[in-house]
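Data block below; observations after.
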Amino acid sequence: MAKAFAPGKCILFGEHAVVFGHPAVAVAIDQGVTASVTESSDWTLEGKRFEPSRHPHIEHIIHNVFQYEGPPLKIDIESNLFSAAGMGSSAALSNALAAALHLHINPDSKLDQVKLAKMAHSAEAFAQKGRASPTDSSTSALGGCVVVSGDRVPGTIHVFDTSLTTPEGNREWAVNTISIPSSMNDAFLVIGFSGDTSPTGKMVAKVANLISNNPEMISEMESISKITTAGLTALSVGNLDGLGLAMDACHERLRNLEVSTPKLDRMVEAARPHSLGSKLTGAGGGGCMVSLTNDPSRVAEAIEISGGTPLITRLGTEGVRAL
Ligand code: MEV
Numbered sequence: 164m165a166k167a168f169a170p171g172k173c174i175l176f177g178e179h180a181v182v183f184g185h186p187a188v189a190v191a192i193d194q195g196v197t198a199s200v201t202e203s204s205d206w207t208l209e210g211k212r213f214e215p216s217r218h219p220h221i222e223h224i225i226h227n228v229f230q231y232e233g234p235p236l237k238i239d240i241e242s243n244l245f246s247a248a249g250m251g252s253s254a255a256l257s258n259a260l261a262a263a264l265h266l267h268i269n270p271d272s273k274l275d276q277v278k279l280a281k282m283a284h285s286a287e288a289f290a291q292k293g294r295a296s297p298t299d300s301s302t303s304a305l306g307g308c309v310v311v312s313g314d315r316v317p318g319t320i321h322v323f324d325t326s327l328t329t330p331e332g333n334r335e336w337a338v339n340t341i342s343i344p345s346s347m348n349d350a351f352l353v354i355g356f357s358g359d360t361s362p363t364g365k366m367v368a369k370v371a372n373l374i375s376n377n378p379e380m381i382s383e384m385e386s387i388s389k390i391t392t393a394g395l396t397a398l399s400v401g402n403l404d405g406l407g408l409a410m411d412a413c414h415e416r417l418r419n420l421e422v423s424t425p426k427l428d429r430m431v432e433a434a435r436p437h438s439l440g441s442k443l444t445g446a447g448g449g450g451c452m453v454s455l456t457n458d459p460s461r462v463a464e465a466i467e468i469s470g471g472t473p474l475i476t477r478l479g480t481e482g483v484r485a486l
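Every letter in the sequence shown is one number past the one before it in the working numbering, and letter 37, counting from 1, is 200.
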């Protein structure tokens with residue numbers, strides 16, 4: 164049996180704006196998806212008959228990317244991420260499955276994280292009707308802290324470039340990384356799930372419509388871009404207070420883009436007294452918020468009292484790996 168794990172991600176800055184070419188900063192988290200594949204007499208997923216139309220990421224990876232024509236596979240997936248909630252569960256699934264399938268076909272070879280990031284991005288684009296940045300897929304594949312942007316970002320390490328034809332035109336991104344300073348080791352993220360799922364493709368299309376009907380709203384994207392740059396500078400020098408302030412500011416801009424919800428706002432407010440910064444994370448419309456804090460159990464409690472489900476993680480864990 165071939166088995167692999169890929170982490171989920173948490174976007175600290177730049178969700179939605181990154182689809183328009185602005186920078187985004189995301190970190191890999193402790194939680195993620197484990198995929199295993201083994202030969203079998205029938206195609207199964209989690210013990211049931213595999214139905215390709217219900218699992219576009221899996222179908223895309225197996226048949227379009229790998230063009231697999233071998234014997235049927237028994238596929239098993241375990242996840243401790245909330246799905247359709249802004250934690251990159253579909254990108255982690257694509258990475259873990261592509262890694263497991265690669266190891267199944269080439270048992271003695273190593274995993275190529277860049278190749279996996281590109282495969283997972285194509286699966287995201289396939290499932291999100293052509294609108295997907297490489298943020299989720301590359302953070303899950305490379306691990307650590309990833310900076311995705313339309314242009315190269317000074318002070319980061321450039322890893323690869325990628326492009327995609329979206330309904331709004333051709334987009335190009337540079338995928339970069341930065342190392343997280345050791346002074347950040349005492350900081351945690353507490354991610355709070357609102358209980359409401361929200362498909363990314365739907366939220367990305369909603370923002371695209373908002374911008375096309377109100378072209379002046381593009382200035383919100385530009386503000387997010389400036390906040391992202393300030394947040395990235397704070398992160399790269401281990402300035403936790405600055406990082407938190409930028410997260411708070413980013414939440415206000417995302418509210419202006421109409422991707423927050425009253426419940427996410429309540430959870431953000433509840434977490435703030437014990438946090439350095441709090442914001443929604445991911446596509447919004449439900450899904451999750453995140454707080455940066457030195458006191459994760461207090462924040463987790465505050466999130467729970469405000470009706471959310473908390474999950475504590477370190478910032479920037481290792482990327483996709485064989486198990
Ligand atoms: C989703 O986690 C992040 C978005 O920016 C979409 C994307 O980058 O593809 C909303």
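Even glycine gets a Cβ: it sits at the ideal position worked out from N, Cα and C.
Buried versus exposed, by CB contacts within 10 Å (16 or more), residue i
i: residue 294; result: buried
i: residue 201; result: exposed
i: residue 485; result: exposed
i: residue 381; result: exposed
i: residue 326; result: exposed
i: residue 203; result: exposed
i: residue 232; result: exposed
i: residue 271; result: exposed
Residues sharing a beta bridge with residue i, DSSP
i: residue 195; result: 170
i: residue 306; result: 481
Residue i - DSSP class collapsed to helix/strand/coil
i: residue 407; result: helix
i: residue 178; result: coil
i: residue 473; result: strand
i: residue 271; result: coil
i: residue 452; result: strand
i: residue 247; result: coil
i: residue 360; result: coil
i: residue 401; result: coil
i: residue 287; result: helix
i: residue 319; result: coil
i: residue 365; result: helix
i: residue 224; result: helix
i: residue 232; result: coil
i: residue 183; result: helix
i: residue 343; result: coil
Q) Is it a yes or a no for the region 429-436 touching the region 463-470, going by three-plus beta-carbon pairs under 8 Å? A) yes
Q) Residues with a Cβ closer than 7 Å to any heavy atom of ligand 1, in chain order? A) 174, 178, 179, 181, 182, 187, 249, 251, 287, 291, 294, 295, 296, 298, 299, 363, 366, 367, 445 and 446
Q) Are the region 298-317 and the region 330-349 in contact at 8 Å, needing three or more beta carbon pairs? A) yes
Q) Within the chosen definition, does the region 440-449 reach the region 247-257 through at least 3 CB pairs nearer than 8 Å? A) yes
Q | Validate contact between the region 219-236 and the region 165-176 using beta carbons, cut 8 Å, 3 pairs | A | In this structure the region 219-236 does not touch the region 165-176; the number of beta carbon pairs closer than 8 Å is below three.
Q | the region 452-460 in contact with the region 315-323 per 3-pair CB rule at 8 Å | A | No, the region 452-460 is not in contact with the region 315-323.
Q) Do three or more CB pairs link the region 372-380 to the region 255-268 at distances below 8 Å? A) no
(Q) For the structure I just gave you, are there three or more beta carbon pairs, one from the region 416-428 and one from the region 381-390, closer than 8 Å? (A) yes
Q. Is the region 169-178 close to the region 211-219, with three or more CB pairs under 8 Å?
A. Not touching, per the Cβ criterion.
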